[in-house]
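Only one structure is covered here, and it is reproduced in the block below.
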Amino acid sequence: MAYLRRVLGSGLSVLLLAGGLAATAAGASVAVGTDPPPPPGGFTAVAPIRILDTRTGTGAPAGKVGPGQALQLQVTGAGGVPSTGVAAVALNVTVTEPSAVGFLTVYPTGEAQPLASSANFVPGQTAANAVVVKVGTGGRVTIFNSSGATHVVADVAGWHATGRDTGSAYTPVTPVRLLDTRSGTALGPGGVVSLKVTDGRPANLSAVALNVTATQPSTGGFLTLYPSGGSRPLASSLNVAAGQTRPNFVAVKVGNGSVDIYNNSGTTHVVVDLLGYWSPTSESRMVGITPTRVMDTRTGLGHTGALGRQETAVLQLPGPSSVPAGRLTAVVLNVTATQPTTGGYLTVFPGGGKPPLASNLNVVAGETAPNLVIVPVSPNDTIGIYNDNGSTHVVVDVVGWFDFPAERVDVQGLSMFGSDVAIDPTSTYAYVSNTAHDRVEVVRLADRFVEDPIPVGVQPMGLDLSPDGRMLYVANRGSEFVSVIDVRTRTEVHRIPIPSGRLSDRPYSIAVLANGKALLTTTFDGSGYGAFMYDIDLATETVKLRTDFDKWSGQTSEYTSIRASGDRTAAVITLGDSSPGEVFRYDASTDIFSAPHETWDFISAAATNVDGTVTLVNDEGTVVDGNPVLDEHLDPLGTLYGCGLSGVAVNRDGTVGYGLGYNFSSGRGYIAVCDLARFEVTKVIVLGSVRDLGRLVMSPDQKTLVGLVDSGLVLVRL
């Protein structure tokens, strides 16, 4: 018990690597895949159900699995797991009565066996490990036995969906000790303790991730965790031998705000730490990947040589391309200590900090010991691995990762000072102007798929769709014309020249209105001339200078942008590089511009609600209101500090705003959720590592936010 400490991280959703350890060749490299990772999926917990027991013939023919043999286990359609829509299953895999030292590897049927193990054993040992494994061909997973003969038992604890909208998302927490019977009475044979898990947490928890440790057991036995209020299942969560201290990660469904812990025999002390929870209000979802080795100190991969006493190894992530940089809240790891010279522990923690008072892995001299770890990553995607005593080799496999709420779409060539986004009325496609590659990108929102681009003029910047979504209008800064795109055929059908007579008068921002007109602003090319307001009669494609705009006969500042309201009866116009930051409203029914409203300073962006009456302006979160029957002035409603730094969006009724921002200390972007009535930020959605920020747009169905960042797009599901 000398080395039992609280475990950092959480424990489902991962494939374990453990003793009987497979080794890489020296200098082995990490395989880099070309396919993008699947979308992160929600998790559904079930009361533990046994789906495999080779002692009784459950799930496979009765009899031990021999050396070098494998069995295929049907996991979809079994144990509460549906037949379709399943990306991965969460299992507790137990070996019992093994005849030799060896290991099991659990992996998707149809894939090559990976360099990893899921359970390790010595002769006569009963050992269990939590496993999350991708579902393979026919809804099956393969279980391979390396040597000797052993019985295998598997209990299903839940499943991860193929999409974000099924199941619950995850919230990691700083480890919280919920139970330690050493301060009281050990749990006796047949004893049950009910453990409250919702105190101080959402009442609607669907499942919790726990680190459960049995210590000082008087005899061999097992613990079973299950939802309170339900029947105790035929399943085990943790197996121990007399005098042994054994931890295991357990994900368990919550019943009546609690989970029950049953001890089958003897007496044992039980320690339980809460590591995270799944709930409808959580945000992080998991992507499981084929286990990929990123550290093996025996071969010099990730760190050279065994870790010495009180030494910390810093591991840079990602290793494989399927773990995307800058997008991780946490990584799911198999961490194995092997060849330790003395008893001790390892602690895994975010890189750049100090090791917390916690441990992830306890070892004794000469033992190979694995454990499952979910650890938050630092802003620069590093983790630290600390060894407290002696020296030990360390092996780390990445087996999954938890995302930020934002989904990323890599699109190179976007300009944060000119690229624009328009979403079609059905909320199916986002159209994005790509200034560097002279085209419009077409992104399917449901699955983030980037379809074939649409070629347009040079340096496309602003764009907007017709009210019916059939025609796309693109302002080409480098071509002095507006491209008219038929989105059904994805072809350019017209070019509308801007006959200003000023070569420096370049198309910049455009908005299509319900009155059959499009407002167009131009911008400089560096010569100091240009930047005017025009309108285009879309029926005749006639371009007219709007001399009634502002007091300078139609002249604007360099980066004047226009945003149409949801119903296209109005537009908000911002002079983005002009202090004190003027904002205008255009009323389509009267074809009149309002007088300007001055904001705090230079404006980065503005957005308006469905009818244009409520407008949110950045940089200072100014909120203004305009009467649907055109008011001569925009009325200031207040200032909402902290509502982002760049792009903004407003919901249909003007009650909630969203602001795209950047945290300079963490290096991570965010979207602030802003209450426009109470003038306060109610929530911050973290996006991951970003540098530059641009537009933010809400889909017409109000289910998706699309933001421009330096590496492409971020999609946030609302």
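Numbering (our numbering), first residue to last: 1 to 718. Note that beta-carbon positions come from the ideal geometry of N, C-alpha and C, so glycine has one too. Quick caveat: nothing in here was measured; it's all calculated off a predicted structure.
DSSP bridge partner residues for residue i (one or two, in chain order)
i           : result
residue 258 : 196, 255
residue 659 : 648, 672
residue 134 : 88
residue 143 : 71, 106
residue 712 : 410, 709
Selection from the options that minimises the alpha carbon distance to residue i
i           : options            : result
residue 532 : 521, 244, 542      : 521
residue 488 : 494, 472, 499, 480 : 472
residue 608 : 637, 588, 648      : 648
residue 290 : 142, 570, 494, 340 : 142
residue 171 : 425, 469, 524, 405 : 405
residue 273 : 249, 366, 676, 281 : 249
residue 134 : 543, 88, 169       : 88
residue 85  : 304, 162, 78       : 162
residue 303 : 349, 310, 295      : 295
residue 229 : 389, 256, 324, 239 : 256
residue 309 : 376, 282, 385, 252 : 385
residue 242 : 73, 543, 125       : 125
residue 402 : 287, 298, 635, 598 : 287
residue 349 : 375, 340, 246      : 375
residue 186 : 115, 265, 173, 202 : 265
residue 414 : 439, 392, 395      : 439
residue 554 : 541, 573, 567      : 573
residue 313 : 481, 354, 408      : 354
residue 60  : 452, 75, 322       : 75
Short Cβ contact (8 Å threshold) for residue i with residue j
i           : j           : result
residue 601 : residue 619 : yes
residue 563 : residue 514 : no
residue 268 : residue 216 : yes
residue 559 : residue 615 : no
residue 372 : residue 130 : yes
residue 713 : residue 443 : yes
residue 740 : residue 45  : As displayed, the chain neither begins before 1 nor continues past 718, which places residue 740 out of reach and without an answer.
residue 148 : residue 200 : no
residue 493 : residue 476 : no
residue 205 : residue 212 : no
residue 654 : residue 671 : no
residue 114 : residue 100 : no
residue 246 : residue 238 : yes
Rounded C-alpha distance that separates residue i from residue j
i           : j           : result
residue 150 : residue 189 : 27 Å
residue 693 : residue 645 : 8 Å
residue 707 : residue 284 : 19 Å
residue 718 : residue 701 : 10 Å
residue 720 : residue 96  : This structure gives no information on residue 720, because the portion of the chain shown stretches from 1 to 718.
residue 593 : residue 398 : 57 Å
residue 470 : residue 77  : 43 Å
residue 425 : residue 431 : 12 Å
residue 687 : residue 325 : 12 Å
residue 588 : residue 535 : 11 Å
residue 461 : residue 676 : 29 Å
residue 53  : residue 683 : 47 Å
residue 545 : residue 491 : 28 Å
residue 496 : residue 381 : 47 Å
residue 224 : residue 195 : 13 Å
residue 13  : residue 378 : At residue 13, the pLDDT of 28 sits below 50, so the modelled position is not reliable; the number obtained from the coordinates is stated separately. Spanning the two alpha carbons is a distance of roughly 20 Å.
residue 181 : residue 657 : 48 Å
First through last residue of the beta strand (DSSP E) which encompasses residue i
i           : result
residue 380 : Segment: none, residue 380 is in no beta strand (DSSP E) and carries neither H nor E.
residue 64  : Taken as a continuous stretch (DSSP letters only), residue 64 belongs to no beta strand (DSSP E), as it is neither H nor E.
residue 451 : 449 to 455
residue 286 : 286 to 296
residue 159 : 151 to 161
residue 313 : 311 to 316
residue 533 : 533 to 537
residue 471 : 471 to 476
residue 111 : Residue 111 -> no beta strand (DSSP E), and no H or E assigned at all.
residue 401 : 393 to 403
residue 755 : There is simply no residue 755 to check, as the chain begins at 1 and stops at 718 in what is shown.
residue 269 : 269 to 279
residue 425 : Looking at the DSSP string, residue 425 is not in any beta strand (DSSP E), and its letter there is neither H nor E.
residue 517 : 517 to 523
residue 498 : That residue, residue 498, is in no beta strand (DSSP E); it is neither H nor E in DSSP.
residue 578 : Neither: residue 578 is in no beta strand (DSSP E) and is coded neither H nor E.
residue 49  : 43 to 53
residue 688 : 680 to 689
residue 484 : 481 to 486
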